[in-house]
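Novice: In the numbering used here, the protein residues as written are -10 to 197.
Glycine included, every Cβ here is placed at the ideal spot set by N, Cα and C.
Below is the structure I would like to discuss, written out as structure tokens.
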Ligand SMILES: Nc1ncnc2c1ncn2[C@@H]1O[C@H](COP(=O)(O)OP(=O)(O)OP(=O)(O)O)[C@@H](O)[C@H]1O
Ligand SMILES: [Mg+2]
């Protein structure tokens, strides 16, 4: 069987959230036996938002542009705004955003909508294998959007083609966030291009 290169489509440790060049393209590496080999490119886009309302609006725009099924991974430190982002995404999918909270007890919540949202939170998992026990691929294949908070912890169980969203805080501006999108395959690239276009048409805050 050919090697599954998609499994190695990750940013090197410490590079998550690193900005792409101005043309929106960055490079990715595969580590094999310690060697680094260029295996592909990731499509990236970074937006700086000023407040939670803008985070929700950006996420809503993303929801409105979703193809189904799609998978989104949300990465970022505690309190970065992953659940806030998920709320906006729910609104964009025609689900009720007020219902969206961190899935504290259940590890996955389903929100019915025009397009259903499946909301996973990998934070409280003891091991990545616990995630596999939820049967995530069954959700990923349904005609909805799956969002996985702390998804970098369960990389090996994610579909290769997913959109990764990394939220970073700004030490000097408590309500600002840097939101970086990285597309991991052709479907997530289309999604990224669509949200970028729609955001620019709305006159949203600057991206690069
Ligand atoms: N620009 C912003 N975008 C998102 N949240 C913001 C922003 N500015 C301030 N906040 C605040 O930061 C908090 C983010 O909380 P949220 O639960 O969304 O984070 P989280 O990343 O899901 O946290 P956790 O890792 O605990 O699940 C909220 O109180 C929100 O109001
Ligand atoms: Mg959360």
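In angstroms with no decimal places, state the Cα-to-Cα distance between residue 172 and residue 68.
Specialist: 23 Å
Novice: Rounded to the nearest angstrom, what separates residue 5 and residue 101 at their Cα positions?
Specialist: Low per-residue confidence applies at residue 5: pLDDT is 37, beneath 50, and the placement is therefore not dependable, though the value from the model is reported in the following sentence. The straight-line gap from Cα to Cα measures roughly 31 Å.
Novice: My assumption, with CB atoms under 8 Å, is that residue 83 sits in contact with residue 50. Please give the rounded CB distance.
Specialist: About 14 Å; that fails the 8 Å criterion.
Novice: How would you call residue 125, buried or exposed, if buried means at least 16 neighbouring beta carbons within 10 angstroms?
Specialist: buried
Novice: Between which two residues does the alpha helix (DSSP H) holding residue 142 run?
Specialist: Residue 142 -> no alpha helix (DSSP H), and no H or E assigned at all.
Novice: Please give me, in chain order, every unbroken run of the beta strand (DSSP E) with length at least 3 that falls completely inside the region 29 to 94.
Specialist: 59 to 64
Novice: To which residues does DSSP link residue 107 through a beta bridge?
Specialist: Answer is 99 and 135, bridged to residue 107.
Novice: Let's see if you can read the secondary structure: which residues bound the alpha helix (DSSP H) around residue 169?
Specialist: Not the alpha helix (DSSP H): residue 169 falls in the beta strand (DSSP E), residues 162 to 172.
Novice: Checking 8 Å against the spacing of the C-beta atoms, do residue 78 and residue 134 come in under that value?
Specialist: In this structure, residue 134 lies closer than 8 Å to residue 78 by Cβ.
Novice: Between which two residues does the alpha helix (DSSP H) holding residue 187 run?
Specialist: Where residue 187 is concerned, the enclosing alpha helix (DSSP H) stretches over 175 to 190.
Novice: Please output, in chain order, the residues near ligand 2 using a CB cut-off of less than 6 Å to any non-hydrogen atom of the ligand.
Specialist: 71, 72, 91 and 138
Novice: Have a look at the DSSP bridge pairing and note the partners of residue 130.
Specialist: Looking at the DSSP assignment, residue 130 forms no beta bridge with any residue, so it has no partner.
Novice: Please classify residue 163 as buried or exposed, where buried requires at least 16 neighbouring CB atoms within 10 angstroms.
Specialist: That one is exposed.
Novice: Less than 8 Å separating the beta-carbons of residue 48 and residue 104?
Specialist: no
Novice: To the nearest angstrom, report how far apart residue 21 and residue 98 are at their CA atoms.
Specialist: Because residue 21 carries a pLDDT of 44, less than 50, the predicted location of this residue cannot be relied on, and the following value inherits that uncertainty. About 37 Å.
Novice: Compute every distance between the C-beta of residue 43 and the non-hydrogen atoms of ligand 1, then say whether any falls below 7 Å.
Specialist: yes
Novice: What residue does the beta strand (DSSP E) around residue 157 start on, and which one ends it?
Specialist: Where residue 157 is concerned, the enclosing beta strand (DSSP E) starts and stops at 152 to 159.
Novice: Whose C-alpha, out of 86, 117 and 106, is nearest the C-alpha of residue 42?
Specialist: 86
Novice: Counting along the chain, where does the alpha helix (DSSP H) carrying residue 121 start and finish?
Specialist: Unbroken alpha helix (DSSP H) run through residue 121: 117 to 122.
Novice: How many whole angstroms separate the CB atoms of residue 107 and residue 128, which I take to be in contact at a CB cut-off of 8 Å?
Specialist: 4 Å
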